[in-house]
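Okay, so the sequence shown: first residue is 14 according to our numbering, each after it adds one.
Cβ coordinates follow ideal geometry from the N, Cα and C atoms, glycine included.
Okay, structure first, notes after.
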Amino acid sequence: METSRRSFIKNSAVLLAGTSLLPNAAFAAAKPSEIIGLQLYSVRDEMKNDPAGTLTKLAEFGYKHVEHANYIDRKFYGFTAKEFKKVLDGLGLKMTAGHTVLGKNHWDEAKKDFTDAWKYTVEDAATLEQLYVVSPWMDESMRKTYDDLERYMEVFNLCGELCQKSGMKFGYHNHDFEFGEELNGMKIFDIMMQKLDVNKVVMQLDIGNMYIAGAKALDVIGQYPGKFEMIHVKDEIAVGTTGKYESAILGKGIIPVKEVLDICRKSGGTKVFIIEQEAYQDKAPMACMKENFDIMKKWGYKS
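Shown next, in the form of structure tokens:
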């Protein structure tokens, strides 16, 4: 994930903390056998300028499932949950999941309960009929020490219970630090996999982000078979001689994406495959999303 994406996530988390609570609405979701979708951050500028028009084009490409990356002041890309649900329904699209940061400020330690702002997040996700509420970042203050991380993994488990009440699951989306940083001699990712209750929290494995820290998806899936219900499908290419990487069209980079997908399907327990591309190598983002979708279909992945 690029620096701009990290900044976007952190800023969204700050804005979310200021919202208030209305009564919760329950919703029970039925999950199809396999889902191929798109993380809308891949077309962030297009969604900012013309969300309805962008979604219309994505539906024309063949997408049926999307994952949002914009929830600010109880609105998704400027729409209330009910308004956005109407837009999606009109296009035959499902908001399968959404990225909203669960921050330290969303847990009231004195009350041992989530803040109104976070309860609102879950309620609005249920209105969209999401299957998953995914936190795409963990602030440094939540992982300074092993004890800090352990404490917030319990909060994540409690969030899983909260989401279950509305027929959804809570998930966490990895970056690179989970594989590059250690606490008490253990990688943060391994601690998380040890402490999270798989019946309450889903790990959304980003196969591109981990590569930046030197981790390989095939190895991680082999280490934790059946543990990855959701993945972010991503390829990476080197940026000149900088030693850095950026995402690219699937199959054009250095990650064996199809092999990873096939292992995910065979032994990873994966049912939800979310395409994400954050850099485009001078191509138009929408053209990239069509090409990615067509590549997935060619590989035998469609929903």
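Which residues mark the beginning and the end of the alpha helix (DSSP H) in which I49 is found?
By one-based count along the sequence shown, residue 49 stands at place 36. First-last for I49: I48 to Q52, but that is the beta strand (DSSP E), not the alpha helix (DSSP H).
Entirely within the segment 154-199 and at least 3 residues each: give me those beta strand (DSSP E) ranges in chain order.
As far as the segment 154-199 is concerned, its whole beta strand (DSSP E) runs of at least 3 residues are 182-186.
Nearest-angstrom Cα distance between D129 and I267?
Taking the first residue of the sequence shown as 1, we reach residue 129 at position 116. Taking the first residue of the sequence shown as 1, we reach residue 267 at position 254. In a straight line, the C-alpha of D129 is about 43 Å away from that of I267.
Terminal residues of the continuous beta strand (DSSP E) containing L218?
Numbered from 1 along the sequence shown, position 205 holds the residue referred to as residue 218. V214 to D219 is the extent of the beta strand (DSSP E) around L218.
Please identify the residue among G282, P298, M302 and F306 whose C-alpha is closest to the C-alpha of S46.
Within the sequence shown, the letter at position 33 stands for residue 46. Cα-wise, what sits closest to S46 is G282.
Pull up the distance between the alpha-carbon of N187 and that of N197, whole angstroms please.
As a working note, residue 187 is residue 174 in the sequence shown. As a working note, residue 197 is residue 184 in the sequence shown. When rounded, the distance between both Cα atoms is 20 Å.
Determine the closest residue to L276 out of Y133, D232 and A292, with distance taken between C-alpha atoms.
For the purposes of this step, residue 276 is taken as residue 263 along the sequence shown, with counting starting at 1. Here the sequence assigns Ile to residue 276, which means Leu is not the residue at that position. When each option's Cα is compared against that of I276, the closest is D232.
Is the Cβ of M309 closer than 9 Å to any Cβ of chain D?
Among the protein chains of the structure shown there is no chain D, as only one such chain exists.
Would you decide whether A94 is buried or exposed? Buried here means 16 or more other CB atoms lie within 10 Å of its CB.
Start at 1 with the first residue of the sequence shown, and residue 94 comes out as number 81. Buried: at least 16 other Cβ atoms inside 10 Å.
Name the residue from M155, A261, R57 and M108 whose alpha carbon lies nearest to the alpha carbon of A120.
Numbered from 1 along the sequence shown, position 107 holds the residue referred to as residue 120. Here the sequence assigns Trp to residue 120, which means Ala is not the residue at that position. Considering only alpha carbons, the answer is M155.
Using a Cβ-Cβ cutoff of less than 7 Å, which residues in the same chain neighbour L104 once the five nearest sequence positions on both sides are dropped?
Numbered from 1 along the sequence shown, position 91 holds the residue referred to as residue 104. Closer than 7 Å at the Cβ level, and outside the excluded window around L104, lie L68, T69 and A72.
Rounding to the nearest angstrom, what Cα-Cα distance links A38 and D248 in this structure?
For this step, residue 38 is matched to residue 25 along the sequence shown. For this step, residue 248 is matched to residue 235 along the sequence shown. Residue confidence for A38 is low, a pLDDT of 40 falling below 50, so the modelled location carries little weight and cannot support an answer.
Comparing C-alpha positions only, which one of V146, P298, N170 and S179 sits nearest to Q217?
Translated into positions along the sequence shown, residue 217 becomes position 204. Out of V146, P298, N170 and S179, V146 has the C-alpha closest to the C-alpha of Q217.
Distance check for Y159 and D58, CA to CA, integer angstroms please.
As a working note, residue 58 is residue 45 in the sequence shown. As a working note, residue 159 is residue 146 in the sequence shown. C-alpha separation (whole angstroms): 38 Å.
Quick check on the burial criterion: 16 or more other C-beta atoms within 10 angstroms. Buried or exposed for E153?
By 1-based counting over the sequence shown, the position of residue 153 is 140. Per the 10 Å Cβ criterion, exposed.
Just the C-alpha distance for L274 and V246, rounded to the nearest angstrom, thanks.
Position 261 of the sequence shown holds residue 274. Position 233 of the sequence shown holds residue 246. Rounded to whole angstroms, the separation of the alpha carbons of V246 and L274 is 8 Å.
If you run the structure through DSSP and keep just helix, strand and coil, what is F97?
Position 84 of the sequence shown, counting from 1, holds the residue named residue 97. Helix at F97.
Does the separation of the CB atoms of T109 and V285 fall below 9 Å?
Taking the sequence shown and counting its residues from 1, the one referred to as residue 109 is at position 96. Taking the sequence shown and counting its residues from 1, the one referred to as residue 285 is at position 272. Closer than 9 Å, so yes.
Between E191, Q177, T140 and E167, which has its C-alpha nearest K125's C-alpha?
For the purposes of this step, residue 125 is taken as residue 112 along the sequence shown, with counting starting at 1. With distances taken between Cα atoms, K125 lies closest to E167.
Grab me the residues of D102's own chain with a C-beta within less than 8 Å of its C-beta, minus the 5 sequence neighbours each way, in chain order.
The residue you call residue 102 lines up with position 89 of the sequence shown. Contacts found: none.
By the three-class DSSP mapping on this structure, what secondary structure does Y224 have?
The residue you call residue 224 lines up with position 211 of the sequence shown. Shown here, Y224 sits in a helix according to DSSP, grouped into three states.
Indicate whether H112 and E80 have their beta-carbon atoms separated by less than 9 Å.
Sequence index remark: in the sequence shown, residue 112 carries index 99 (1-based). Sequence index remark: in the sequence shown, residue 80 carries index 67 (1-based). The answer is yes: Cβ separation under 9 Å.
What would DSSP say about S316, mapped onto helix, strand or coil?
On the sequence shown, position 303 is the one that residue 316 refers to. DSSP places S316 in coil when its eight states are reduced to three.
Would you mind reading off the limits of the beta strand (DSSP E) that contains I12?
With the chain represented from 14 up to 316, any question about residue 12 goes unanswered, as that position is not in the structure.
Between which two residues does the alpha helix (DSSP H) carrying Y133 extend?
Translated into positions along the sequence shown, residue 133 becomes position 120. From DSSP, the alpha helix (DSSP H) with Y133 extends over D129 to T140.
In whole angstroms, what is the alpha-carbon distance linking I49 and G253?
In the sequence shown, counting from the first residue as 1, residue 49 sits at position 36. In the sequence shown, counting from the first residue as 1, residue 253 sits at position 240. Each residue's CA atom was taken as its position, placing I49 and G253 some 31 Å apart.
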